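Asker: The opening residue of the sequence shown carries number 0 in numbering that gives the first Met the number 0; numbering runs sequentially from there.
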Amino acid sequence: MAILGQIRNRPWLLMGIIAVAMLAFVVNPDSLEKLFGAKPGVYGKVNGDEITKEEYDDQLFMLQQQAQQQGQPGTGLEEQAWQLMVQSKLIKQQFEKMGLTLTEDMFWNQLQYDPMFAQNKENFDAKGNFKTQEIKKQITDLQNSGNVEMYNNWLRTRRTMEYRMMARQLFANVSIGITASKKEAEEMMKQRDQLANIDFVKIDYSVYEKKNPVKITRQDLTDYIKKHPILFKRDASRNIGFVYFPAAPSAQDETLAQNEINKLFSQGTDMSDGKENFQNTTNDSMFVSLNSDLPFNPQYFSAEQLPSQIKDKVAGASIGSTFGPYKEQNFYVVSKILDKKPSDSTLSRHILVTYKGNQAGANETRSKDEAKKLADSIGAVLKADPAKFTEMLKYSADPSSAAQGGSVGWTTPATPFVPEYLSFLANNGKGATGVVETQFGYHIINIEDKKSGAMTYKVANLVKAIKASDKTENEVYTKATRFIQQVQGKSFNDFANIAKKGNYQFDNPKEVGRFQGQLPGLGTDKDQEIIAWAFNKKRSKGDTEIFTVDGTGDRIVAYLNGIQDAGTADPEAVRDQIEPIIKNKIMAKQISEKIKAANAKSLDQIAKLFGAPKGSGQINILNPLLAGAMEPKVAGAAFGVAKGKLSMPVEGMTGVYVLVKNSETVNKQPGDIKQVTEAIAGQNSQQFGQALLKSLQDNAKIKDYRIELFNQTAMQ
Numbered sequence: 000m001a002i003l004g005q006i007r008n009r010p011w012l013l014m015g016i017i018a019v020a021m022l023a024f025v026v027n028p029d030s031l032e033k034l035f036g037a038k039p040g041v042y043g044k045v046n047g048d049e050i051t052k053e054e055y056d057d058q059l060f061m062l063q064q065q066a067q068q069q070g071q072p073g074t075g076l077e078e079q080a081w082q083l084m085v086q087s088k089l090i091k092q093q094f095e096k097m098g099l100t101l102t103e104d105m106f107w108n109q110l111q112y113d114p115m116f117a118q119n120k121e122n123f124d125a126k127g128n129f130k131t132q133e134i135k136k137q138i139t140d141l142q143n144s145g146n147v148e149m150y151n152n153w154l155r156t157r158r159t160m161e162y163r164m165m166a167r168q169l170f171a172n173v174s175i176g177i178t179a180s181k182k183e184a185e186e187m188m189k190q191r192d193q194l195a196n197i198d199f200v201k202i203d204y205s206v207y208e209k210k211n212p213v214k215i216t217r218q219d220l221t222d223y224i225k226k227h228p229i230l231f232k233r234d235a236s237r238n239i240g241f242v243y244f245p246a247a248p249s250a251q252d253e254t255l256a257q258n259e260i261n262k263l264f265s266q267g268t269d270m271s272d273g274k275e276n277f278q279n280t281t282n283d284s285m286f287v288s289l290n291s292d293l294p295f296n297p298q299y300f301s302a303e304q305l306p307s308q309i310k311d312k313v314a315g316a317s318i319g320s321t322f323g324p325y326k327e328q329n330f331y332v333v334s335k336i337l338d339k340k341p342s343d344s345t346l347s348r349h350i351l352v353t354y355k356g357n358q359a360g361a362n363e364t365r366s367k368d369e370a371k372k373l374a375d376s377i378g379a380v381l382k383a384d385p386a387k388f389t390e391m392l393k394y395s396a397d398p399s400s401a402a403q404g405g406s407v408g409w410t411t412p413a414t415p416f417v418p419e420y421l422s423f424l425a426n427n428g429k430g431a432t433g434v435v436e437t438q439f440g441y442h443i444i445n446i447e448d449k450k451s452g453a454m455t456y457k458v459a460n461l462v463k464a465i466k467a468s469d470k471t472e473n474e475v476y477t478k479a480t481r482f483i484q485q486v487q488g489k490s491f492n493d494f495a496n497i498a499k500k501g502n503y504q505f506d507n508p509k510e511v512g513r514f515q516g517q518l519p520g521l522g523t524d525k526d527q528e529i530i531a532w533a534f535n536k537k538r539s540k541g542d543t544e545i546f547t548v549d550g551t552g553d554r555i556v557a558y559l560n561g562i563q564d565a566g567t568a569d570p571e572a573v574r575d576q577i578e579p580i581i582k583n584k585i586m587a588k589q590i591s592e593k594i595k596a597a598n599a600k601s602l603d604q605i606a607k608l609f610g611a612p613k614g615s616g617q618i619n620i621l622n623p624l625l626a627g628a629m630e631p632k633v634a635g636a637a638f639g640v641a642k643g644k645l646s647m648p649v650e651g652m653t654g655v656y657v658l659v660k661n662s663e664t665v666n667k668q669p670g671d672i673k674q675v676t677e678a679i680a681g682q683n684s685q686q687f688g689q690a691l692l693k694s695l696q697d698n699a700k701i702k703d704y705r706i707e708l709f710n711q712t713a714m715q
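1) Would you identify the three-state DSSP class for Glu363, choosing helix, strand or coil?
2) In whole angstroms, what separates the C-alpha of Arg158 from that of Val417?
3) So, do the segment 598-617 and the segment 200-218 have three or more beta carbon pairs nearer to each other than 8 angstroms?
4) Can you give, in chain order, each stretch of the beta strand (DSSP E) that sits fully within the segment 301-380 and has at least 3 residues?
5) Can you tell me whether Gln769 is buried or exposed? The criterion is at least 16 other CB atoms within 10 Å of its CB, across all chains shown.
6) Within its chain, find whatever has a CB closer than 7 angstroms to the CB of Glu544; leave out the 5 residues flanking it on each side and keep chain order.
7) Could you check if Ser271 is buried or exposed, using at least 16 other CB atoms within 10 Å of its CB as the buried criterion?
8) Around the C-beta of Tyr223, are 16 or more other C-beta atoms found within 10 angstroms, so that it is buried, or is it exposed?
9) What residue from Gln328, Gln484, Lys210, Leu194 has the CA that sits closest to Gln589's CA?
10) Could you pull out every residue in the same chain whose Cβ sits closer than 7 angstroms to the Cβ of Lys499, ignoring the five residues on either side in sequence?
11) DSSP three-state label for Gln132, please.
12) Quick check: what's the CA-CA separation for Gly433 versus Leu381?
13) Among Lys457, Pro415, Thr411, which residue has its Cα nearest to the Cα of Lys449?
14) Can you round the beta-carbon distance between Leu621 and Arg167 to whole angstroms, since I take them to be within the 8 angstroms contact cut?
15) Please determine if the segment 240-249 and the segment 476-496 are in contact, where contact requires at least 3 C-beta pairs separated by less than 8 angstroms.
16) Report the three-state DSSP secondary structure of Ser30 (helix, strand or coil).
17) Out of Ala634, Val332, Gln251, Asp343, state which residue places its alpha-carbon closest to the alpha-carbon of Asp740.
18) Going by the CB atoms, is the gap between Ala453 and Ser317 shorter than 8 angstroms?
19) Taking the alpha-carbon of Thr353 as reference, which of Lys673, His442, Glu275 has the nearest alpha-carbon?
20) In angstroms, rounded to a whole number, what distance separates the CA positions of Ile594 and Met647?
21) For Tyr558, which residues does DSSP report across the bridge?
22) Please name the residue in Lys463, Ala195, Ile618, Lys201 whose C-alpha comes closest to that of Pro248.
23) Can you give me the Cβ contacts of Ile581 inside the same chain, cut-off strictly under 8 angstroms, excluding the 5 residues immediately before and after it?
24) Residue range of the alpha helix (DSSP H) that Ile605 falls in?
25) Exposed or buried, which one is Ser601 when buried takes at least 16 other CB atoms within 10 Å?
26) Closer than 8 angstroms by C-beta to Phe264: which residues in its own chain qualify, once you throw out the five before and the five after it? Chain order, please.
27) For a test of the three-state rule: what should DSSP assign to Gln168, helix, strand or coil?
28) Would DSSP call Lys210 helix, strand or coil?
29) I'd like to confirm the pairing. Which residues does DSSP put opposite Thr432 in its beta bridges?
30) Tell me, which residues are paired with Gln617 by DSSP?
31) Just grab the DSSP bridge partners of Gly522 for me.
32) Would you tell me roughly how many angstroms separate the C-alpha atoms of Ser347 and Asn427, rounded to the nearest one?
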């Protein structure tokens, strides 16, 4: 596969494009310098090294492209882009501190190991040699083609790969001395193979707490955080509560949608005075376009791709057969079979002629009329002499396919190409050449080969959405408005209690980052707006606001419950995370003191003291699984206590254990000393690389101006 295809995946052949929102700020440079110490266009600094708007936007663009190619949402990636930029800067700084340099020769030598290229066999010849010169030529041709947008995409991609190369070399250099000794491997094998056979009593925390409740105060949380400051270092965040009021269609709304589709199906449209309906129409595509809530799709689909209600019925149905009305998710649907034919796999090639103003013609100067004349001229030449196709590729605005002789590979009707392109392939045979217009320009298409496949169906679907009526939306608005009036000026506990009493959908994400994109538990197109509202400098704790989800009538009432600036986490924001840990420690101390006070000398006495059962089992140091729980401290105690002796109370993960070791056995497992030594060295090297990056980030001076810049922009 050509490099350009790997960067952009031929966007003019895709059904849609994820638009990249490039952030633009109109701010006063002097005021920014005074207020924030930031220059316009600078989003932050890492040890004094600037992260510019351009760099950040490029990284965000790359993440959005990857998301698009993987069929994932292209939103909510801002924080990931920031973290990658911070890490990239740290890697580059450390790389240069070690006196290392990424030369041009090194880049091209290392390119074959980058995942973008290493995972594609087409980048290697039959002998396994990397096609360096061929890829270099593609880049040179792209640079000289005048397609600035595509070349800039390559430069963005290259910068990302350069950071990956520096990271690989950096980690290789710092971890080269990490080895494992024979003694270490022998000890590892001993720990792996040894088993301790024990009897034990477990005082389960959850059982103990039912009779001995433990209340954790804010001070308890604060004290724990002070002991573990690194674990609770936080960026700025907000504690947001929200109640979601969905404008779900009522039973009346569903009946209305059902009546509408029944009328269109059999009674007739108002426009035709009741004469034309979906059953008798002679123009199905036009009827659907005028009367359906979803557009007509002219493509052919396999039975498996059709709605679940009809996919098992179409094989035996004749052309013109109708199905429904039936309910499919939030729609009522009537389907009509328009045509059926075997699914052809088609091998095609094309030449793309663009013009100024269309989606693929960012830097084009020719007009649409000029583009059509050129495309028709090329089409006429190729119809007369298909052998000249390669010669005409010089006019193509698709360097990716041009590098492959114009080929776009094998496609089927299900391939996500624009409909006009697929329609030409479906309606023409092997050897056909023609000019097709799409939103990307004019394609001169040549069909090189065809193969027959499974049966496919062209289906007209008349669809009516089951949606909330104005009446339903007004009821939701009234409910949300009444709720916000009830909670204004009230405490957050009141907000939560009133929501729960009304059986409303309530949630409370306690640490929401400015750039995380989505609110846990919500996931609407208003999430980012709510987050921006919460981070606005005008906001105060206790503020409330009502938001309307576009196109649905859904309402969201938000409550700002906490403002956390960058620094140490607010204790209440992390209560859910650390409260169980503190509780267990308090209970472990209480249990141990009770055992000591009772002067218990046997497992039976301890079992009776707490009403806990005795148990027995085997435990291993490297895999400390006991009675369904991982208990490393119990494993340590089992091998540390003398045979037949009662251990001290052990503060485990799920309870306090007291045990007696009966014996030790050896369960020899596969693997010789050499294999284990290599495994330990590899594991140590990997862990060291991860720890190095974390250490660099923990100890770096990182300045993040994004929130200030965004707030300043909002105030303009």
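Just so it is clear, CB atoms sit at the ideal spot from N, CA and C, and this is done for glycine as well.
The model shown is predicted, which means the values in this text are computed figures rather than measured ones.
Answerer: The relevant details are as follows:
1) coil
2) Here the alpha carbons of Val417 and Arg158 stand approximately 31 angstroms from one another.
3) As far as the Cβ criterion goes, the segment 598-617 touches the segment 200-218, which means the pair count is three or higher.
4) 321-327, 330-341, 344-352
5) The structure shown does not extend to residue 769, since the chain spans only 0 to 715, so no value can be given for it.
6) Trp532, Ala557
7) Result: exposed.
8) buried
9) Out of Gln328, Gln484, Lys210, Leu194, the CA that lies nearest to the CA of Gln589 is found in Lys210.
10) Phe505
11) helix
12) 9 angstroms
13) Thr411
14) Not quite, the Cβ-Cβ distance comes to about 30 angstroms (not below 8 angstroms), so this is no contact.
15) yes
16) Caution applies to Ser30, whose pLDDT of 34 falls short of 50 and renders its modelled position unreliable; the value that the coordinates give is listed next. Helix at Ser30.
17) Absent from the structure is residue 740, since the part of the chain shown begins at 0 and ends at 715.
18) no
19) His442
20) 9 angstroms
21) Gly240, Thr543
22) Lys463
23) Ile215, Asp219, Leu220, Tyr223
24) 602-609
25) exposed
26) Asn276, Phe277, Gln278, Thr321, Gly323, Pro324, Val333, Leu461
27) helix
28) Here DSSP, grouped into helix, strand and coil, assigns Lys210 to helix.
29) Asn445
30) Asn196
31) Partner(s): none; Gly522 has no beta bridge.
32) 11 angstroms
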